[in-house]
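Working notes, structure below.
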Amino acid sequence: MSVRREGLLDDAWEKTQIKVFSRWVQKQLLARQIQFETIETDFEDGTKLLNLLEIIGKEPMPSKWHKQPKMMVQKRENVDLALKYINEVKKIRTVGIGADDIINKNLKLTLGLTWTCINKFMIEEISVEEATARDALLLWAKKNTQGYEHVAVNNFTTSWNTGLAFAALINKFRPNLLDYSALDYNDHKGACEKAFAACKELGIYVYLDPEDVIDTTPDEKSVVTQVAEFFHFFASESKIAAMADKIKRTVAIQKQIDELKNTYIEDAKAAIEKMTVEDEKLKADDYEKTIPGIRGKLASVISYNRDIRPEIVDHRAKAMRSWAALVTKCKSGNRPIPEIPQGLEPEALTNKFNEIEQTSTTRRDELTQELNDMIKKKVEDFMAKCMDIINKCDAIHEEVKTIEGTTAEKKDKVEQKLHEAEDLQPALAELTPLFQELVELRINTLSSQTDDSVNRHHSQLITYIKHLLEQLNGKLFEETNEARINEYNALAQPLYDEAIAFKEEVLAISGELRERRTQFLAKQAEAPTKREHVNEIDPIFDGLEKDSLHLRVNHSPTEIRNVYAVTLQHIITELNKIFEEMVANFDATAVPIIDGITALVTSSHQIPGDAAAVKAQVEENLASLDGFAEKIQALQDPYNELVEFKLNYKVTYTYSDATGELDQARLDLKQIILAKKTFLEEEERKARINNYTVKADEHMNEAHALDGKINSVDGELEPKRQKLYEVREEVNAKKEKAAEELTPIYEDLEKDQLHLEITSTPASINIFFENLIAHIDTLVKEIDAAIAAAKGLEISEEELNEFKDTFKYFDKDKSNSLEYFELKACLTALGEDITDGQAKEYCKKYNSKGEGTALEFDDYVRFMLDHFSKAETTETTMEAFKAIAQNQPVLTDAQLDQYFSAEDAAYLRSQLKQGENGYEFADWVNSLYNH
């Protein structure tokens, strides 16, 4: 493809200008329905030229002129008037053009005159100076075709010779009318034809034909004329599009408010539902009224504080952040805070949170009290059964000690008491499962008795009664046999003298206990050999002998036997004295030992003072029992001697009684020590937990105070933001202090499994502080957005850079200032069509020095920020709707579909009241803002 380059006024360019300028004049004269063919001939009588000037000048000629000139002089007067109007009224210089040139159809000068009109009334409307105006027009075209493939607008000639730049402008403003991406970029004529066809469909006057521009260097003036037509047509479109953008932002904000409202409602509903469900769980009596059942319920309440409560705090914090975001968004947009469904208001959320907090505390206290009461009752019931058996045992023991009567009567009564004691066995059997239950419930240490201690108490009673029965049986046996012996002695008395010598020997026995006991036993052993001569009373003696009573008779059947009988009686008497002395000696040692042990145990139960002092004293008493153990060990040999002579049943306390008493004493003292130790450990545990809880409560109180402090921060946006920054630093410091102080204590409790009773863990407190920080960050973010909105600074960096680039582009002399006409051109390039008067007013208003008609760069930036501010009011939003509705009170479906996305259009249809002719917007706009 070759581009033809030709002279300024070669035939092609001249023909193009004739056609373009003629079509331009045609368009203007259509306003008066005046036919116009070509500038080559139609200006020769001046009538159509004057009509053109009145139309584009928007005023009548200053003097009358000839509507239908017939003579040459009339034609000349008409053309002279036209030239005078151009030169003197509109101050346009037309060098070298006179009336005869137009009348005589001088084509070159006629073209020049027409271009002068086009430039003044069409191009220079954009700016005062032609060069600035053309720059603004070129920059406008460049800006609106930027990014289109195969389009680079840098001039008014070759940048347009593919037709694609025209197509790009159409697509920019009417994307539904011409699909740029569907064009064949190599078919320049086809692209141009489609672009011009779209222009005709839109009502844009087309001055050029495709052959005037395609693959050549087009006539610059002709292209400028055509592009200016695009500009004037789409300038109003740019304004409407800008208004549509304002409404889009309004819709976006309102949709955000709706979304934030829905988010808050959803978050609040989730928080309320969570709190309601957990509150019902806490209040529910869904547990067995047993110690394990109560413990399980209490564990679930404690678990709520540790596991569920942080979730509820997070739910509430999330909802409150949503609410803060909603309120801030509404305030920043000057919007009323939407109505929230009853029961989901922030106050309701806080009340519900306080309610479940109270429920948690109350429920924990109630269950703890219920558990303690049940444990106390369980222990007291067991102790009551134990003490009932112990008291019955003690009563039987006292009754046995006071029994009177004959030996036989005493024996019968003691046997009866033995049966009573044995009848307690079923009650004892009941204690084992009851104590095992206490063990399983881990409350056995709260009881001062065990099933073993009660069984041992009962066993000691049984042993004592049986020992007493053995004594009574022995005594009864002795009393029965004594009568038979006396009867025998009466018959054997004559034989007594014969044994006198043996008797004297026996009576002569003396010395220490062991020595005497040995000699008497020896004489007793000799007696049977001396009875061989006793035959006369053998039958009677044999009868006594059968019952082992022969040793106690006074007289034997013969003299020898009689002497032996007396002597044996003496031996037996002496031996009995020796045996009683042995028993007395044992009791003298054993009874004080037992009494000492009993007194020590009794005193241990009665030690006054605090648990630690009691425990220390009882431990000393327990250690002192080792001395009693040594004394009891010394009883072993004496007791074995008593057993050897079958005398053990006569002692007050047996060796087994002494060891049993010692074992029981040790058990009792250990039980006291264990109980005091358990009490002290419990007190220490409570003190450790309380130490942590007090500190944790202090930090939580600080956190709640900070929560209130955050919610109470008010005032203007920037001071409020600064206050929130200060509170955030305070929250962060408190958070770190809480973690530093509480974590070591909590970890120490955790080692001993004491953390399970902690409500506010370091983690949950940290979460609370983190939520406060997140809340503050949300508020600050919304305040930043509100400040930006209030200052009208919601303008992108890209837009700001565009403002700076246009400033530099039109600051041709690098003076760092723009004259009013340069400002107008600058705004034109950005799609803003303003008048000269408006440009002058802007310069006067924003000139920081209060003088002149130029803006320095800082003034220009301030103007642009204000001018392109996105701050909303009822008035600006209403103005935007009216601009799109073309000053009608309703929007049509076509307008909604043209200027808004399908989503935004659907939203507006859902919000605006539908009337007979369209969608009424006034009521909705008035409802958006606070008044």
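My numbering applies: residue 3 is where the sequence shown begins, and numbers increase by one.
The C-beta atom is built at its ideal place from N, Cα and C for all residues, glycine as well.
Once you ignore the five residues that flank residue i on each side, which residues in its own chain have a CB closer than 7 Å to its CB?
i: Leu430; result: Ile391, Val456, Asn457, His460
i: Gly917; result: Val892
i: Ile206; result: Glu231, Phe232, Phe235
i: Lys271; result: Leu346
i: Lys814; result: none
i: Asn928; result: Thr876
i: Glu583; result: Leu515
i: Gly476; result: Tyr651
Beta strand (DSSP E) containing residue i: first to last residue?
i: Ser819; result: 819-821
i: Ala856; result: 856-858
Considering just the uninterrupted stretch of the alpha helix (DSSP H) at residue i, what are its terminal residues?
i: Gly98; result: It is not in any alpha helix (DSSP H) - Gly98 carries neither H nor E in the DSSP assignment.
i: His152; result: Element bounds for His152: n/a, residue is neither H nor E.
i: Trp325; result: 311-334
i: Ile398; result: 348-403
i: Met702; result: 657-714
i: Leu83; result: 74-86
i: Ala735; result: 719-753
i: Thr112; result: 109-120
i: Asp288; result: Per DSSP, Asp288 belongs to no alpha helix (DSSP H) and is neither H nor E.
i: Val303; result: 293-305
i: Lys66; result: No alpha helix (DSSP H) contains Lys66, which DSSP labels as neither H nor E.
i: Ala184; result: Where Ala184 is concerned, there is no enclosing alpha helix (DSSP H), given that its DSSP letter is neither H nor E.
i: Lys415; result: 409-424
i: Gly192; result: 190-204
i: Asn173; result: 166-175
i: Ile539; result: First-last for Ile539: undefined, no H or E at that position.
i: Pro212; result: 212-215
i: Met880; result: 876-886
i: Thr520; result: 515-532
i: Ala841; result: 838-848
Please classify residue i as buried or exposed, where buried requires at least 16 neighbouring CB atoms within 10 angstroms.
i: Phe647; result: exposed
i: Leu509; result: exposed
i: Glu738; result: exposed
i: Leu10; result: Caution is warranted here: a pLDDT of 41 is assigned to Leu10, below 50, making its placement in the model unreliable, and the coordinate value is therefore given only provisionally. Burial call: exposed.
i: Val155; result: buried
i: Ile596; result: buried
i: Asn491; result: buried
i: Lys202; result: exposed
i: Ser4; result: Confidence at Ser4 is low in this model, with a pLDDT of 34, below 50, so its placement is unreliable and the value that follows should be read with caution. So Ser4 counts as exposed.
i: Pro62; result: exposed
i: Gly48; result: buried
i: Met866; result: buried
i: Val22; result: buried
i: Glu858; result: buried
i: Gly987; result: Lying outside 3 to 933, the shown extent of the chain, residue 987 is not represented and no answer is given.
i: Asp709; result: buried
i: Glu8; result: Here Glu8 scores only 39 on pLDDT, less than 50, and its place in the model is too uncertain to base an answer on.
i: Leu426; result: buried
Apart from the five residues just before and just after residue i, which ones in its own chain have a Cβ nearer than 6 Å to its Cβ?
i: Ile125; result: Ala135, Ala230
i: Ser324; result: Thr265, Tyr266, Asp269
i: Gln76; result: His68
Could you name the residues of the same chain whose beta carbon sits closer than 8 Å to that of residue i, not counting the 5 residues immediately before and after it, in chain order?
i: Ile886; result: Ile242, Met245, Ala246, Ile249, Leu893, Gln897, Tyr901
i: Asn549; result: Per the sequence shown, the amino acid found at residue 549 is Asp instead of Asn. The answer, listed in chain order, is Asn483, Arg486.
i: Lys276; result: Glu313, Ile314, His317
i: Val303; result: Leu284, Ser362, Arg365, Arg366, Leu369
i: Arg518; result: Ile511, Ser512, Glu576, Ile580
i: Leu471; result: Lys413, Val416, Glu417, Leu420
i: Gly98; result: Leu111
When you compare the CB of residue i with every CB in chain D, is at least one pair closer than 9 Å?
i: Asn713; result: You won't find chain D in this structure, because it holds only one protein chain.
Below 8 Å, how does it come out for the segment 285-305 and the segment 745-753: are there three or more Cβ pairs, yes or no? Judged by Cβ distances under 8 Å, the segment 285-305 makes no contact with the segment 745-753, as fewer than three pairs qualify.
4-residue-minimum alpha helix (DSSP H) runs that sit fully inside the segment 441-496, ordered along the chain: DSSP runs (the alpha helix (DSSP H)) wholly in the segment 441-496: 453-494.
Is there contact here, the segment 406-426 with the segment 435-455, by at least three beta-carbon pairs under 8 Å? Taking one beta carbon from each stretch, the segment 406-426 and the segment 435-455 have fewer than 3 pairs nearer than 8 Å; the two do not touch.
Continuous alpha helix (DSSP H) assignments of at least 4 residues falling wholly in the segment 569-646: Scanning the segment 569-646 for uninterrupted alpha helix (DSSP H) segments of 4 residues or longer gives 613-635, 638-646, listed from N- to C-terminal end.
Taking contact to mean 3 or more Cβ pairs, one atom from each stretch, closer than 8 Å, check whether the segment 252-265 and the segment 344-359 are in contact. They do not touch, by the three-pair rule.
Cβ contact (3+ pairs, closer than 8 Å) linking the segment 670-677 and the segment 700-718: Output reads no: the segment 700-718 does not touch the segment 670-677.
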